[in-house]
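Letter by letter, the sequence shown follows residues 7 to 486 of my numbering. Right, one structure below, let's go through it.
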Amino acid sequence: MLFTAAQALTPAAAQQARYLDPEDIAQAQRENAQVIEELGGAEAGSRAAYVASVGHKVGAFSGIAYAGQVLHFTTLNSAVENAFSVPGGYVYVTRQLLGLMGDESQLAFALGHEVGHIAANHAHQREEMEREAEQEALPYIMMGQMIGGYASQIALRNLLAVKLQTLSFSREQEYEADTLGLRYMIAAGYDPAGAAQLLASLARETALEARVQGRANRQVPEWASTHPLSENRMQRALLEVRDTGRLGTGLHNRDAYLNEIEGITVDDDPAQGIIDGPVFTHPDLRIQFRVPTGYLMSNGTYAVTISGSAGKAQFSGGRYSGSLDNYIVKVLEQLTSGGAQLAVPRPVRTTVNGMAAEYTTARASTDSDQIDVSVMAYQWDPQHVYHFVMLTPAGTGMGPFGSMVQSLRKISPQEAAAIHPRVIHVVTVAPGDTVQSLASRMAYRDFKLDRFLTLNGITADTKLVPGQRLKLVIYGARHS
């Protein structure tokens with residue numbers, strides 16, 4: 007039945023189907039720039055155009071009226087494997103997910119799945135959940151529950167983050183989007199095997215990340231956070247693919263796809279700072295610090311968030327106006343705006359790695375407990391201040407973050423120049439190459455073989471064939 011339905015879909019028929027709500031379109035247009043800014047910026051050029059062309063190819067069979075005009079596809083400069091859509095016809099896919107995919111059919115399914123959410127009007131079915139999330143956003147943004155509401159720019163920035171986090175769909179909605187994505191990709195001429203292959207790759211990547219996470223010190227919100235990869239969903243998708251009667255037929259366009267992703271950045275973009283084990287380094291700003299053992303980092307557009315068993319912290323910055331005292335007070339005022347008032351002890355002056363610094367700890371009440379809120383601020387240069395905000399159990403002060411606040415330093419120009427992005431490099435298997443020999447070239451210190459296998463969707467006993475094209479992650483050149 008799936009194949010029959012796919013045959014019935016034509017671009018002409020799609021033009022007679024559902025119209026997107028003009029209010030949704032207007033809102034998506036207004037928020038698009040903010041979404042792009044929040045999530046690392048948008049790619050431009052031939053790769054972005056290629057992704058959009060595949061999106062429009064499957065979107066033509068979506069049943070959305072004038073899909074070629076109302077659907078928009080953006081490639082985000084994000085180190086998170088994800089794709090999502092918003093009401094009004096905007097679909098986003100990250101460069102990290104593109105790096106994981108193996109061919110164009112997988113991209114077609116991912117984009118078709120997101121278009122399916124739009125066509126099925128899933129977003130409006132979850133509006134109540136979004137409204138509840140927005141009402142609760144202020145006490146939960148950035149670092150979880152803190153001390154009442156937050157103010158101005160911090161609240162506005164993170165309200166969007168909370169909204170994006172509510173894009174999680176129900177199991178039934180995910181099933182429906184999978185089915186629609188399959189229909190669209192088959193109608194567009196793709197092999198439905200790409201759907202099962204992509205879901206399997208995402209499952210392997212999620213499992214690998216769970217193994218690596220303790221060493222990599224990274225919190226990665228990935229596809230599974232908004233598109234749950236349950237066993238039932240995986241089995242259902244595989245059965246649907248088989249039931250199409252088209253398994254193994256249709257387009258993959260693997261060579262074209264690999265050509266497009268050659269050189270694409272994976273993992274962190276040095277221009278936004280990189281996480282390497284317990285160390286965060288921003289080569290352009292020449293910032294480096296180390297988090298406590300066992301703590302995880304998440305690198306955002308405006309801040310780095312650190313979390314662990316005994317506390318949470320955030321690293322960010324602002325303008326220096328001549329007084330670290332005043333700066334610390336303003337940070338705390340932003341955190342507590344609309345909530346409890348804090349008695350802020352006078353900041354203590356100190357020096358950290360040659361920089362003037364000040365710190366203080368205040369006691370705050372949450373709905374259920376008391377916590378210590380500490381701020382450590384550093385005069386980085388005559389115009390800029392950087393700071394840590396730390397949340398720990400009452401009475402512990404900076405707690406586990408004592409070594410972290412002492413680790414902040416300015417790296418040398420030579421150290422900054424030595425930092426390079428990781429990029430995808432497509433290689434052609436030569437006689438004598440093995441899985442193990444190619445995996446040894448991966449630009450990682452650990453899990454080289456596991457990463458290589460996951461990246462290429464193969465197993466350790468796969469026999470490579472000369473002429474076969476596979477992906478490596480290597481260190482690339484930085485572009486100004």
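A virtual CB, placed ideally from N, CA and C, is assigned to each residue, including glycine.
Here Ser313 is bridged, per DSSP, to Leu302 and Lys318. Counting along the chain, Phe394 sits inside the beta strand (DSSP E) bounded by residues His390 to Pro399. Taking Asp274 as the centre and dropping the five residues before and after it, the same chain places the C-beta of Ala85, Ile280, Ile281 and Asn305 closer than 7 angstroms to its C-beta, in chain order.
When DSSP states are grouped into helix, strand and coil, Ile124 belongs to the helix group. In the three-state scheme derived from DSSP, where H, G and I count as helix and E and B as strand, Asp331 is classed as helix. Looking at Val435, Gly314, Glu37 and Gly463, the one whose alpha-carbon comes closest to that of Pro472 is Val435. Excluding five sequence positions before and after Gln102, the CB atoms of its chain that fall closer than 7 angstroms to its own CB belong to Ser84, Ala85, Val86, Glu87 and Val272, given in chain order. Taking C-beta atoms as the reference points, Asp184 and Gly256 fail to come closer than 9 angstroms. In this structure, the CA atom of Ala126 is about 12 angstroms from the CA atom of Phe175. For Ser176, the three-state secondary structure derived from DSSP is coil. Note on Gly74: under 16 other CB atoms within 10 angstroms of its CB, so exposed under the neighbour-count rule.
Straight across, the Cα-Cα distance linking Leu186 with Tyr25 is about 17 angstroms.
Non-local beta-carbon contacts of Leu214 in its own chain, meaning distances under 6 angstroms to residues more than five positions away in sequence, involve Asp456 and Thr460 in chain order. Counting C-beta pairs with one atom in each stretch, the stretch 247-261 and the stretch 188-205 have three or more that are closer than 8 angstroms, which means they touch. Taking C-beta atoms as the reference points, Ala114 and Ala50 fail to come closer than 9 angstroms.
Under the Cβ criterion (8 angstroms, minimum of three pairs), the stretch 316-326 counts as touching the stretch 392-403. By the beta-carbon neighbour count (other beta carbons within 10 angstroms, threshold 16), Gln35 is exposed. About 14 angstroms separates the beta carbon of Gln412 from that of Val354, a gap too long to meet the 8 angstroms contact definition. Contact between the stretch 64-83 and the stretch 280-295 is absent: fewer than 3 CB-CB pairs across the two stretches fall below 8 angstroms. Within the stretch 240-297, the complete alpha helix (DSSP H) segments of 4 residues or longer fall at 260-267, listed in chain order. Distance from the CA atom of Leu397 to the CA atom of Asp378, rounded to whole angstroms, is 6 angstroms.
In the structure shown, Arg475 adopts extended strand secondary structure according to DSSP, grouped into three states. For Glu364, the secondary structure class from DSSP, reduced to helix, strand or coil, is strand.
Residue state for Ala129 is assigned as helix, using DSSP reduced to three classes. In the structure shown, the three-state DSSP call for Ala349 is coil.
Assignment of Tyr56 by DSSP, reduced to helix, strand and coil, places it in the helix class.
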